[in-house]
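Residue numbers (full-length UniProt numbering): 1 to 157.
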């Protein structure tokens, strides 16, 4: 029998496959926290807005997920997002490991882990391959993403 929190993770990724951000948000607690190598510390509505922004910009988007495991407190999954990065037109295939913490049947913490240098190599081309490992370039990617999310949220308000 599947644990209810494993079913919650599955619902989250099935909604993501459909680009249904409202259904994704319904899996999160209102005070959810999110982090990954680009979006370091998001809280509450910032998390949903990040997904809304990414989904709205993704071209030729596909998502596959596997290895969903969960118990009463925590869970994990592996997922692969394939898309055309809108800023460069380059194809990205990002392999991601996710960890979750649950409270009252909802996701309260979501942490994604992936190789930012590998992502930069795909998304940015030669510049990303040559310099994507450096803290300078990785911090610039984070800063640009933070500005992009702030602009997206301001426009939506």
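Ideal Cβ placement from N, Cα and C applies to all residues, glycine included.
Here the structure is a predicted model, which is why all the values come from computation and not from measurement.
Contacts around residue 40, its chain only, beta-carbon distance under 7 Å, and the 5 residues preceding and following it disregarded:
One-based indexing of the chain shown puts residue 40 at position 40. Taken in chain order, the residues that qualify are 142.
Rounding to the nearest angstrom, what Cα-Cα distance links residue 49 and residue 149 in this structure?
For the purposes of this step, residue 49 is taken as the residue at position 49 of the chain shown. For the purposes of this step, residue 149 is taken as the residue at position 149 of the chain shown. Going by the C-alpha atoms only, they are around 7 Å apart.
CA-CA distance, residue 144 and residue 134?
On the chain shown, residue 144 is found 144 positions in, with the first residue counted as 1. On the chain shown, residue 134 is found 134 positions in, with the first residue counted as 1. So the two alpha carbons sit approximately 16 Å from each other.
Residue 33 - partner residues in DSSP beta bridges
Taking the first residue of the chain shown as position 1, residue 33 is located at position 33. According to DSSP, which records beta bridges pairwise, residue 33 is partnered with 43, 109.
Using the Cα positions of residue 43 and residue 36, report the straight-line distance between them to the nearest angstrom.
As a working note, residue 43 is residue 43 in the chain shown. As a working note, residue 36 is residue 36 in the chain shown. Distance between the alpha carbons of residue 43 and residue 36 is about 12 Å.
Residue range of the alpha helix (DSSP H) that includes residue 10
Within the chain shown, residue 10 is the residue found at index 10, counting from 1. Looking at the DSSP string, the run of the alpha helix (DSSP H) that includes residue 10 is 4–17.
Is residue 86 helix, strand or coil when you go by DSSP?
On the chain shown, residue 86 is found 86 positions in, with the first residue counted as 1. Three-state result, residue 86: coil.
Going by alpha carbons, who is nearest to residue 54 out of 20, 122, 129?
Along the chain shown, read from residue 1 onward, the residue named residue 54 stands at position 54. Just measuring C-alpha positions, the residue of 20, 122, 129 sitting nearest residue 54 is 20.
Go ahead and pull the three-state DSSP assignment for residue 75.
To locate residue 75, count along the chain shown from 1; it is residue 75. In the structure shown, residue 75 sits in a strand (DSSP, three-state: E or B).
Identity of the residues DSSP links to residue 103 by a beta bridge
In the chain shown, the residue the question calls residue 103 occupies position 103. Looking at the DSSP assignment, residue 103 forms a beta bridge with 106.
What residue range is occupied by the uninterrupted alpha helix (DSSP H) comprising residue 137?
As a first step, residue 137 is located in the chain shown; it is residue number 137 there, counting from the start. Run containing residue 137: 135–156, per the alpha helix (DSSP H) assignment.
In three-state terms, what does DSSP make of residue 21?
Locating residue 21 in the chain shown gives position 21, counting from the first residue. Reduced to three states, the DSSP call for residue 21 is helix.
When the Cα atoms are used, what is the spatial distance from residue 117 to residue 125?
Looking up residue 117 in the chain shown gives position 117. Looking up residue 125 in the chain shown gives position 125. So the alpha carbons of these two residues sit roughly 11 Å apart.
Could you tell me the distance, in whole angstroms, from the CA atom of residue 65 to the CA atom of residue 57?
Start at 1 with the first residue of the chain shown, and residue 65 comes out as number 65. Start at 1 with the first residue of the chain shown, and residue 57 comes out as number 57. Looking at the two C-alpha atoms, the distance is approximately 20 Å.
Compare the Cα-Cα distances from residue 92 to each of 22, 151, 121 and report the closest residue.
Here residue 92 is taken as the residue at index 92 of the chain shown, counted from 1. Considering only alpha carbons, the answer is 121.
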